[in-house]
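Student: Residue numbers for the sequence shown follow this note's numbering, beginning at -8 and rising by one.
For every residue, glycine included, the Cβ atom is placed at its ideal position computed from N, Cα and C.
This is the structure, below, for whatever I ask next.
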Amino acid sequence: MNRRTRLIFLALSLLLLVGVGKYVSGNFEFLLKEFWFTAGFLLLILLSLIDQPHFSKDSSIFINAVTAGISLLLVNEENRNWIFWLFLGVTFYLAISSYIILWLRNKPLNQENKWLQFFSRINREIGKPQTLFSAFFLWGAVNKFGVNSNQFNALLLYWVLFMIVNLPSVSKIINSLFEKNAEKKEEFALGTIFGVQSKNTFLVKLFPERKEIIKLFDFVEFVYSIDEKKKTRKGLILDSYLLNEEQWIKVLTTKEINEIFENKDIYSNHSDDLIYLIKNVPETEYLDKFIGIITENSTISKIRFIYNSKTKISEGQLLELSVQGTKVLYQIIEGITKIETLEQKNQTGLIIGEAIQLGTWNNEKLQFEQFGWVPSINTPVYIASKINEPEIEENEYIVGEIPDTNYPVIINKDTALSHHLAVIGVTGTGKSIFSRNLIRQYLQDKNTKVICVDFTGEYKGKFNDLKPVKIVSDEDEEKLYQTFEWVSNELQKFGNQQNKEKLKDADRFIRDTLNSSLEQFMRSEDVQISIFELPDVSNSSGILEYTRQFFKALFYLAKTENNFGKRVCIVLEEVHTVVPEWTFVGISDKSSQSLLNSIAQIALQGRKYNVGLLVIAQRTANVSKTILTQCNTVISFQEFDKTSSDFLANYFGQEISKVLPNLKFRQAIAAGKALKSSVPMIFEVPEIKEPEDKPKEENNERPTKAISNAGESSKIKNDE
Ligand SMILES: Nc1ncnc2c1ncn2[C@@H]1O[C@H](COP(=O)(O)OP(=O)(O)O)[C@@H](O)[C@H]1O
Ligand SMILES: [Mg+2]
């Protein structure tokens, strides 16, 4: 009988007894005065139903004996016949012997000395409430009413009924009346708990004869015997093993699983530690979100989890879990297979995922904030849920989102421009289209001018809608090249043969032409963008010189005139085509070095004068370190080579840089000053649609110049 049934039974028995008592004695005085009632039936009912429903321990026997002895004192002097003295003797014997046994015993009974076992067992039989107090009751009732009286027979009948009903087998039958689910529930019993791992994960040994077939991710219900409050728990079957010919399962319990069932119990009167299968599971998205549980060797910055899920995941995926009650987000960077040996020969295969901490999401500031602690073992890991649509400031732009989420990666356009930005990645990963899109964002500020230095010819026609201009007119350009050529020839002569006067004039001419062209571009209100393409000349050192003089003039204007109040972004598309590598044949080290110096000067000091760089490169090795280290924001698409990953590992951190070779199409890692969140993260660039190129006829009208001598220029476009 369980506790509730016993209480009901107790109440009914008492009620009936009071009724029978009233019937036999005519009033209620027996409740206090009569021995048969107080010492007999009342104690019989109370002790057998409440105190010792299953069996009586030695200590209970002692208490029974003392209670019995005291209650015997209720018997009047005239009724104290030999039976009375026998009862008193027995109670004395029970009290004393039980007390001695209590003192002597210190082992489980079946391991004790056999005399001790003998006396303890005898005492338990004599001293249990059913024996002792039944005897008292019968004797008291006979004394009071006489054997042949109706009253005695009524009480006897009542006693017989009570004793029969109180038999374990009968009580079980009665019990099943109250327990509706009891019988049915047993069909769904799967096994018993035999181990627990960090409070929320249970190991269960399955019954070989269980009736139900179970699958991974089935839900179960149980009561764990060690729980103080004995609350029912819901769990999820995570894993199953076959060990020593026994089947085990691993069951995870979480608050969230309880919530699927609205915290309601499916079964009642669970046997402790038995696991029951839940057949009807309400509709839930839990299994779509559940990924696994935290495992050993997790750290604050990087978690490791056992992947145990119905849901597919991949690198870049955002995960959330609760650390000390706070929701912390992590991004997957690695998956590792592992074999775990369970016992001797049995093995199980696992997948361990690794994810780096992005932190907690601050929805006001729209950024991640670092969280300073590690999750505990077996913490459930979920796919991050959606957040509210972010509202960004005017000078901000969402460059992309964390893969499969709506967590935005927000860049501050002002900082990105002024503190230089580098876009890195192998060919075809989307650097150029990403950069052009960013340039369009920069240009939304009407005070910004963009000069794209593109020797690859890729930008041709891409900005037609913005009506790009040529800063230096074709005519002036022609003259400039002639001048460069003349100067270069002149400089090859011996010093005393050079025409110093004419050289000075040439220098002034170059400077003035470039300055005035640039000034015109800066001052104009309606054009914002210019594309600096590979010029139509055969002399590659002339191109280098031209480019160098151009940057020099630009920097001069920035320094002296502050660009006439404009902000300037210089885009260096495929930077190695603009500043060729030193080893490149046919180019004098000197002119390439001085071009590099003029760009480096802008990189180092441009910020002071409102000039920023947007450097696009395939490999970091191709870019001067002076320029690259000045880029305070880096966005890197897929990269394979070691120099690049070493450089980027310094910038992004070792862990996340490992994913660089695995980045998918349109995925990149972003970090740096211009990004809202300071932690590096993997994000996905949205599908970018560029405005359609204008029809051919119109193309010819635009002021930019086509490349005609592809043969020559291909020298400079060494590369991919
Ligand atoms: N975000 C994107 N949206 C749309 N198309 C893209 C995107 N990223 C890359 N592409 C496609 O990939 C191709 C290569 O992109 P591109 O920017 O030229 O690469 P890269 O400059 O790195 O060599 C483009 O032609 C474009 O069609
Ligand atoms: Mg490109």
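#1: In whole angstroms, give me the CA-to-CA distance for N601 and T611.
#2: From which residue to which residue does the beta strand (DSSP E) around R224 run?
#3: Let me make sure I understand the geometry here. Which of M154, T29, P394 and E387 has the alpha-carbon closest to that of L357?
#4: For L563, collect the residues of the same chain with a Cβ closer than 6 Å to its Cβ; drop the 5 residues on either side in sequence, then sort them by chain order.
#5: Buried or exposed: which applies to L8, given that a residue is buried once 16 or more other Cβ atoms fall within 10 Å of its Cβ?
#6: DSSP on Y321, reduced to helix/strand/coil?
#7: Go ahead and pull the three-state DSSP assignment for Q645.
#8: Can you give the Cα-Cα distance for T474 and L509, rounded to whole angstroms?
#9: With a cut-off of 8 Å on the beta carbons, I'd call L587 and Q621 a contact; round off their distance for me.
#10: With burial defined as no fewer than 16 other Cβ atoms inside 10 Å of the residue's Cβ, what is the status of G131: buried or exposed?
#11: Counting along the chain, where does the beta strand (DSSP E) carrying I673 start and finish?
#12: Have a look at R427 and L434 and give me their C-alpha separation to the nearest angstrom.
#13: Spell out the partners DSSP gives D445 in its beta bridges.
#14: Note the first and the last residue of the continuous alpha helix (DSSP H) segment covering L312.
#15: Hey, E355 and E325: beta-carbon distance below 9 Å or not?
#16: State the start and end residues of the unbroken alpha helix (DSSP H) segment that holds W239.
#17: Is it a yes or a no for the region 84 to 92 touching the region 26 to 44, going by three-plus beta-carbon pairs under 8 Å?
#18: Would you call the region 455 to 471 and the region 505 to 525 in contact, with 3 or more CB pairs under 8 Å?
#19: Specify the secondary structure class of W352 as computed by DSSP and reduced to three states.
#20: Taking 8 Å as the cut-off, is the beta-carbon of I679 closer than that to any non-hydrogen atom of ligand 2?
#21: Taking 8 Å as the cut-off, is the beta-carbon of S423 closer than that to any non-hydrogen atom of ligand 1?
#22: Using 8 Å as the cut-off, classify the Cβ of T611 as near or not near the heavy atoms of ligand 2, replying yes or no.
#23: Got a sec: does ligand 2 put a non-hydrogen atom nearer than 8 Å to the Cβ of E564?
#24: Taking the alpha carbon of T351 as the point to measure from, which residue in Q361, I342, Q540 and G344 has its own alpha carbon closest?
#25: What is the rounded straight-line gap between the Cα of P273 and the Cα of F208?
#26: By alpha-carbon positions, which one of I342, R295 and Q315 ends up nearest to Q322?
#27: Regarding T420 and ligand 1, is the C-beta to nearest heavy atom distance less than 8 Å?
#28: Using C-beta distances below 6 Å, list every residue in its chain close to I393, excluding the 5 sequence neighbours before and after it, in chain order.
#29: Taking the C-alpha atoms as reference points, what is the distance between L181 and Y373?
#30: Is F83 closer than 9 Å to F127 when the C-beta atoms are compared?
#31: With the cut-off set at 9 Å, would you say G416 and S636 are in Cβ contact?
#32: Compare the Cα-Cα distances from S740 to each of G12, V195 and L95 and report the closest residue.
#33: Since I believe I284 is in contact with L227 (beta carbons under 8 Å), could you give me their beta-carbon distance rounded to a whole number of angstroms?
#34: For W150, collect the residues of the same chain with a Cβ closer than 8 Å to its Cβ; drop the 5 residues on either side in sequence, then sort them by chain order.
#35: Identify which residue in L3, E103 and E116 has its Cα closest to the Cα of N55.
#36: Could you check if V138 is buried or exposed, using at least 16 other CB atoms within 10 Å of its CB as the buried criterion?
Tutor: So, from the listed chains and residues:
#1: 25 Å
#2: T223 to L234
#3: E387
#4: V444, V569 and V606
#5: buried
#6: strand
#7: helix
#8: 19 Å
#9: About 13 Å separates the two Cβ atoms, so there is no contact after all.
#10: buried
#11: M672 to E675
#12: 10 Å
#13: E524 and E564
#14: Counting along the chain, L312 falls outside any alpha helix (DSSP H), though it belongs to the beta strand (DSSP E) covering L309 to V314.
#15: no
#16: Where W239 is concerned, there is no enclosing alpha helix (DSSP H), although the beta strand (DSSP E) it sits in stretches over E237 to L243.
#17: no
#18: yes
#19: strand
#20: no
#21: yes
#22: no
#23: yes
#24: Q361
#25: 14 Å
#26: R295
#27: yes
#28: L309 and F674
#29: 27 Å
#30: no
#31: no
#32: With the chain covering only -8 through 711, there is no way to say anything about residue 740.
#33: The pair is not a contact, with the Cβ atoms about 10 Å apart (cut-off 8 Å).
#34: F32, S125, F128 and L129
#35: E116
#36: exposed
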